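Asker:
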Amino acid sequence: MKHSLIVTLLTDFGISDIFVGVMKGVILRVNPKLSVIDLTHQIPPQDISAGSFALLGAYRYFPRGTVHVGVVDPGVGTNRRAIAIRITEGYLVGPDNGIFTEILFHSPAIEAVELTESRFFATPNPSKTFHGRDIFASVAAYLACGTNIHKMGPLIHPSTLIQLPLSMPIEEPDGWRGIVRAIDRFGNLITNISGKLMEKQSWEVSLNSKILPIVGTYSCRVPGDEMALIGSHGNLEIALCQGNAQLHFESRVGDDVFLKRKHS
Amino acid sequence: MKHSLIVTLLTDFGISDIFVGVMKGVILRVNPKLSVIDLTHQIPPQDISAGSFALLGAYRYFPRGTVHVGVVDPGVGTNRRAIAIRITEGYLVGPDNGIFTEILFHSPAIEAVELTESRFFATPNPSKTFHGRDIFASVAAYLACGTNIHKMGPLIHPSTLIQLPLSMPIEEPDGWRGIVRAIDRFGNLITNISGKLMEKQSWEVSLNSKILPIVGTYSCRVPGDEMALIGSHGNLEIALCQGNAQLHFESRVGDDVFLKRKHS
Amino acid sequence: MKHSLIVTLLTDFGISDIFVGVMKGVILRVNPKLSVIDLTHQIPPQDISAGSFALLGAYRYFPRGTVHVGVVDPGVGTNRRAIAIRITEGYLVGPDNGIFTEILFHSPAIEAVELTESRFFATPNPSKTFHGRDIFASVAAYLACGTNIHKMGPLIHPSTLIQLPLSMPIEEPDGWRGIVRAIDRFGNLITNISGKLMEKQSWEVSLNSKILPIVGTYSCRVPGDEMALIGSHGNLEIALCQGNAQLHFESRVGDDVFLKRKHS
Chain A
1 MKHSLIVTLL TDFGISDIFV GVMKGVILRV NPKLSVIDLT HQIPPQDISA GSFALLGAYR
61 YFPRGTVHVG VVDPGVGTNR RAIAIRITEG YLVGPDNGIF TEILFHSPAI EAVELTESRF
121 FATPNPSKTF HGRDIFASVA AYLACGTNIH KMGPLIHPST LIQLPLSMPI EEPDGWRGIV
181 RAIDRFGNLI TNISGKLMEK QSWEVSLNSK ILPIVGTYSC RVPGDEMALI GSHGNLEIAL
241 CQGNAQLHFE SRVGDDVFLK RKHS
Chain B
1001 MKHSLIVTLL TDFGISDIFV GVMKGVILRV NPKLSVIDLT HQIPPQDISA GSFALLGAYR
1061 YFPRGTVHVG VVDPGVGTNR RAIAIRITEG YLVGPDNGIF TEILFHSPAI EAVELTESRF
1121 FATPNPSKTF HGRDIFASVA AYLACGTNIH KMGPLIHPST LIQLPLSMPI EEPDGWRGIV
1181 RAIDRFGNLI TNISGKLMEK QSWEVSLNSK ILPIVGTYSC RVPGDEMALI GSHGNLEIAL
1241 CQGNAQLHFE SRVGDDVFLK RKHS
Chain C
2001 MKHSLIVTLL TDFGISDIFV GVMKGVILRV NPKLSVIDLT HQIPPQDISA GSFALLGAYR
2061 YFPRGTVHVG VVDPGVGTNR RAIAIRITEG YLVGPDNGIF TEILFHSPAI EAVELTESRF
2121 FATPNPSKTF HGRDIFASVA AYLACGTNIH KMGPLIHPST LIQLPLSMPI EEPDGWRGIV
2181 RAIDRFGNLI TNISGKLMEK QSWEVSLNSK ILPIVGTYSC RVPGDEMALI GSHGNLEIAL
2241 CQGNAQLHFE SRVGDDVFLK RKHS
């Protein structure tokens, strides 16, 4: 794979501290020509599952060879492995704790290594509290510059990578039961129900026992109207006309959403 | 115009989601050498007017040829047009909903096109919910690389572009009535009264019937003192010595501010 | 020193306004090939001391020759000096108000100049409210491109630079009394007690009269357990197992932390 010179960062570090800036310093020390792109640093602290879903939504939009660093890492400093994975589209670098679960479901690991070669680290003696800086940023920078992943440490079998349980909609007699998988800044409820599931059939969407009209866009006539649509993640979303569906429905990640077949 | 290889982004997307990161991925897929600069992503959701004012404050500080993408887009997926505009300083790309109103008042459109040529989009079939990703980011990247705007779609007459009502101070017998046009992170109240209006005459500034001393800098002697000054936007601002004028005056965007001629 | 083409920005401007974006525009106007890295813009308004500590934590991770701009500048527009400083690792640019105190304690100024040469400013007539845009961003860009610091204005003696009082732990008969120097996004309490102080001796850490076990990593067995460890700043930190120590201990920056010798 041609090297991309692009590294993306996704963390739960927030933006009030210097953690993210320091990771970028480490990356630019490897090669100042690298481009570093923030996916988001607002993953809720230690919420590996939210990180996995965010990475899934982003990775496919980047140039081939892009290196995605995902650091939601409550196990930093323990014996959890530090890993790099090659997939068709590029590379994934981070802790072996399931943060790449959803990307790997859609784009399986071609090969994976445990990061043990400290000459690619920011320091030969990594701290026990900040592998984002001491290991992942630096390794990602080398990968983005074309260093072969095999040099980073021993190959490990992809089947040994830690996986989170996948949150998939469950088939029911009259349709599917999904969940609110994420909530965006506008309060839109993004479900785990793929828009593809909804093709070739008419459906009824319901949340909190309310049936929601399925529409094509966020635009709408009556402020406050409830609606369901296929959002930019390609999944079923629940939104409120010029409003905030999260507040309106008092919804949380994990709430049930139902999809029932319509009988014409 | 020489191409700049610079794209700026202004949106109401916030930074908790991956929307902005995904737009950057799309831009780097067009050309990984492009620089992408965030203006802000914290425009209040769907507040086109706030977006217009923020763009006005920023565009003139960038190199010639810079492409500014503005996405506050409640009408995404409807028949509102997607547009690109050439101005003296560079390009503007976004929805045709008035978001460029204030820039265009100061730097009129030289030419404008409707974005219809899908070969410059991120996908031939744009979603109905995220034109920032599927149309604007990609078109902006091509413009920043030097692609001629004429290739992006048919020319449209600048007079047909949607315009927001301009918020200008209103002349009154003894001076001007303006408004609080924006409030910054420090709580400073930025008015729509240009500092140029205030040259060659002495004035009295008042808010909530309180007369405020006009000073030269934010520095001050007594914490909590009220003051008025020409701020970095070049407009009259109202501030509080080492404090937050927004909280102190209980002000909101749209509140009246009065400028009265002083009779010596 | 070889020029780095890298400028970092640390401010108290927040990210809701366009201030930071405008500084980047000014930098790219000097040279569009420059890389601009955000350290953080969430320094509490006008908290120079917090800015100094954040800069200390970040500067050493960047390539040699990097130019660090620090703008927490309540005195903008007064007669406080605008300065640039050369240190071994690179350059520091900002107001002469103590914001570089902690970096300079660890890496003393090699030379310093007062910024008076307006040909390196964004405008020959800087505003009195935004030197970040009108002076510092532009000067930093020139330094990052290799312009000699001597051209920027007259040399000033480093001993004349404004210094904040350094917050150092105080030796006591049975150990040290430090303070909570900063609190990170996870609620970890970062003290001013260097991990180096703690080598070659066993210690007892206490906060609010509670003795805290010293551990090696954030990982832990019982959610809610209190702990002390050497964090990524290299300083003693106080954390809570899978929780927020700031909320748990009701701590603030400045609170006392005690380190007592253990007698075996």
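Residue numbers (the numbering used here), protein chains in the order written: chain A, 1 to 264; chain B, 1001 to 1264; chain C, 2001 to 2264. Cβ atoms here follow ideal geometry from the backbone N, Cα and C, with glycine treated the same way. Only a predicted model underlies this, so the values are computations on that prediction, with no experimental measurement involved.
Report the residue ranges of all beta strand (DSSP E) runs contained in full by the segment 62 to 124 of chain A; include only those spanning at least 3 residues, in chain order.
Answerer: Entirely contained in the segment 62 to 124 of chain A, the beta strand (DSSP E) runs reaching 3 residues are, in chain order, 66 to 71, 82 to 87, 90 to 95, 111 to 114.
Asker: Using a Cβ-Cβ distance under 8 Å, would residue 1161/B count as near chain C?
Answerer: Looking up residue 1161/B in the second sequence gives position 161. False, the Cβ-Cβ gap to chain C never drops below 8 Å.
Asker: Start and end of the beta strand (DSSP E) containing residue 2128/C?
Answerer: The residue labelled residue 2128/C in the question sits at position 128 within the third sequence. From DSSP, residue 2128/C is part of no beta strand (DSSP E); its letter is neither H nor E.
Asker: Which residues bound the beta strand (DSSP E) around residue 2056/C?
Answerer: Stepping through the third sequence from its first residue, residue 2056/C is reached at position 56. Note, residue 2056/C: premise wrong, no beta strand (DSSP E); alpha helix (DSSP H) at 2048 to 2058.
Asker: Look at the alpha carbon of residue 2099/C and the alpha carbon of residue 14/A, and state the distance between them as a whole number of angstroms.
Answerer: Within the third sequence, numbered from 1, the residue matching residue 2099/C stands at position 99. Within the first sequence, numbered from 1, the residue matching residue 14/A stands at position 14. Rounded to the nearest angstrom, the two C-alpha atoms are 23 Å apart.
Asker: Find the residues of chain A that neighbour residue 2070/C, judging by a C-beta separation of less than 9 Å, and give them in chain order.
Answerer: In the third sequence, the residue the question calls residue 2070/C occupies position 70. Those do not exist, as residue 2070/C stays about 12 Å from chain A at its closest Cβ, beyond 9 Å.
Asker: Under 7 Å Cβ-Cβ, which residues of chain B neighbour residue 2078/C?
Answerer: What you label residue 2078/C is simply residue 78 of the third sequence in a count that begins at 1. Simply 1217, 1219.
Asker: Taking the DSSP output, what are the residues bridged to residue 2261/C?
Answerer: Along the third sequence, read from residue 1 onward, the residue named residue 2261/C stands at position 261. BP columns for residue 2261/C point to 2203/C.
Asker: Of the residues that make up the segment 2113 to 2141 of chain C, which ones have a beta carbon closer than 8 Å to any beta carbon in chain B?
Answerer: From the segment 2113 to 2141 of chain C, only 2122, 2127, 2128, 2129, 2130, 2133 have a Cβ closer than 8 Å to chain B.
Asker: Any beta carbon of chain A sitting closer than 8 Å to that of residue 1255/B?
Answerer: As a working note, residue 1255/B is residue 255 in the second sequence. For residue 1255/B, the answer is no, since every Cβ of chain A falls outside 8 Å of its Cβ.
Asker: Here's a check: name, in chain order, each residue in its chain whose Cβ is nearer than 8 Å to the Cβ of residue 1053/B, leaving out the five neighbours to either side.
Answerer: Translated into the one-based positions of the second sequence, residue 1053/B becomes position 53. Excluding residues within five positions, the ones whose Cβ falls inside 8 Å are 1102, 1181, 1182.
Asker: On the DSSP letters alone, give me the boundaries of the alpha helix (DSSP H) that residue 2029/C sits inside.
Answerer: Within the third sequence, numbered from 1, the residue matching residue 2029/C stands at position 29. Where residue 2029/C is concerned, the enclosing alpha helix (DSSP H) stretches over 2019 to 2030.
Asker: Does DSSP classify residue 2210/C as helix, strand or coil?
Answerer: Along the third sequence, one-based indexing puts residue 2210/C at 210. Looking at residue 2210/C - three-state DSSP - the assignment turns out to be strand.
Asker: Who does residue 1038/B pair with in a DSSP beta bridge?
Answerer: The count along the second sequence starts at 1 and reaches residue 1038/B at position 38. Answer by DSSP bridge pairing, in chain order: 1009/B.
Asker: Taking all protein chains shown into account, do 16 or more other C-beta atoms lie within 10 angstroms of the C-beta of residue 2079/C, making it buried, or fewer, making it exposed?
Answerer: Here residue 2079/C refers to the residue found at position 79 of the third sequence. Burial call: exposed.
Asker: Quick one: what does DSSP say residue 1016/B is sitting in, helix, strand or coil?
Answerer: Start at 1 with the first residue of the second sequence, and residue 1016/B comes out as number 16. Correct three-state label for residue 1016/B: coil.
Asker: Can you list, in chain order, the residues of the segment 1006 to 1028 of chain B whose Cβ is nearer than 9 Å to any Cβ on chain A?
Answerer: Answer in chain order: 1012, 1013, 1014, 1015, 1016, 1017, 1018, 1019, 1020, 1021, 1022, 1023, 1024, 1025, 1026, 1028.
Asker: Short of 7 Å Cβ to Cβ, which residues in the segment 2031 to 2065 of chain C face chain A?
Answerer: Here the close residues are 2035, 2037, 2038, 2039, 2040, 2042, 2054, 2057, 2058, 2061, 2062, 2063.
Asker: Tell me where the alpha helix (DSSP H) around residue 139/A begins and ends.
Answerer: Translated into the one-based positions of the first sequence, residue 139/A becomes position 139. Per DSSP, residue 139/A belongs to the alpha helix (DSSP H) from 137 to 144.
Asker: On the CB-based measure, 16 or more other CB atoms within 10 Å of its CB, does residue 81/A come out buried or exposed?
Answerer: In the first sequence, counting from the first residue as 1, residue 81/A sits at position 81. Flag for residue 81/A reads buried.
Asker: Residue 2244/C to residue 16/A, Cα distance in whole Å?
Answerer: Taking the first residue of the third sequence as 1, we reach residue 2244/C at position 244. Taking the first residue of the first sequence as 1, we reach residue 16/A at position 16. Roughly 16 Å between the two C-alpha positions.
Asker: Got a sec, what are the start and stop residues for the beta strand (DSSP E) residue 1229/B sits in?
Answerer: The sequence position of residue 1229/B within the second sequence is 229, counting from 1. Counting along the chain, the beta strand (DSSP E) containing residue 1229/B begins and ends at 1226 to 1230.
Asker: Would you verify that the beta carbon of residue 75/A is, or is not, closer than 8 Å to some beta carbon of chain C?
Answerer: Numbered from 1 along the first sequence, position 75 holds the residue referred to as residue 75/A. Residue 75/A counts as touching chain C.
Asker: Between the segment 245 to 255 of chain A and the segment 200 to 215 of chain A, can you find at least three pairs of beta-carbon atoms closer than 8 Å?
Answerer: Counting Cβ pairs under 8 Å, three or more are found: they touch.
Asker: Quick test of the definition: if touching needs 3 or more C-beta pairs under 8 Å, does the segment 2104 to 2114 of chain C touch the segment 2147 to 2162 of chain C?
Answerer: The segment 2104 to 2114 of chain C is in contact with the segment 2147 to 2162 of chain C.
Asker: My output table needs one value for residue 1247/B: the three-state DSSP class, helix, strand or coil.
Answerer: Position 247 of the second sequence, counted from the first residue, corresponds to residue 1247/B. DSSP places residue 1247/B in helix when its eight states are reduced to three.
Asker: Chain B partners of residue 242/A, CB-CB under 8 Å?
Answerer: Sequence index remark: in the first sequence, residue 242/A carries index 242 (1-based). Under the 8 Å cutoff, chain B gives 1046, 1074.
Asker: Taking the alpha carbon of residue 60/A as the point to measure from, which residue in 234/A, 255/A, 241/A, 239/A has its own alpha carbon closest?
Answerer: The residue labelled residue 60/A in the question sits at position 60 within the first sequence. Minimum Cα distance to residue 60/A is reached at 234/A.
Asker: Indicate whether residue 84/A and residue 139/A have their beta-carbon atoms separated by less than 8 Å.
Answerer: As a position in the first sequence, residue 84/A is number 84, starting the count at 1. As a position in the first sequence, residue 139/A is number 139, starting the count at 1. Yes, the Cβ-Cβ distance between residue 84/A and residue 139/A is below 8 Å.
Asker: Let me know the secondary structure DSSP gives residue 2147/C once reduced to three states.
Answerer: For the purposes of this step, residue 2147/C is taken as the residue at position 147 of the third sequence. Of the three classes helix, strand and coil, the one that applies to residue 2147/C here is coil, per DSSP.
Asker: Under the assumption that residue 1129/B contacts residue 1068/B (Cβ atoms under 8 Å), give the Cβ distance between them as a whole number of angstroms.
Answerer: The residue labelled residue 1129/B in the question sits at position 129 within the second sequence. The residue labelled residue 1068/B in the question sits at position 68 within the second sequence. With a Cβ gap of about 22 Å, residue 1129/B and residue 1068/B do not count as contacting.
Asker: Applying the criterion that 16 or more other CB atoms from any shown protein chain within 10 Å of the CB defines a buried residue, is residue 1106/B buried or exposed?
Answerer: On the second sequence, residue 1106/B is found 106 positions in, with the first residue counted as 1. Exposed is the call here.
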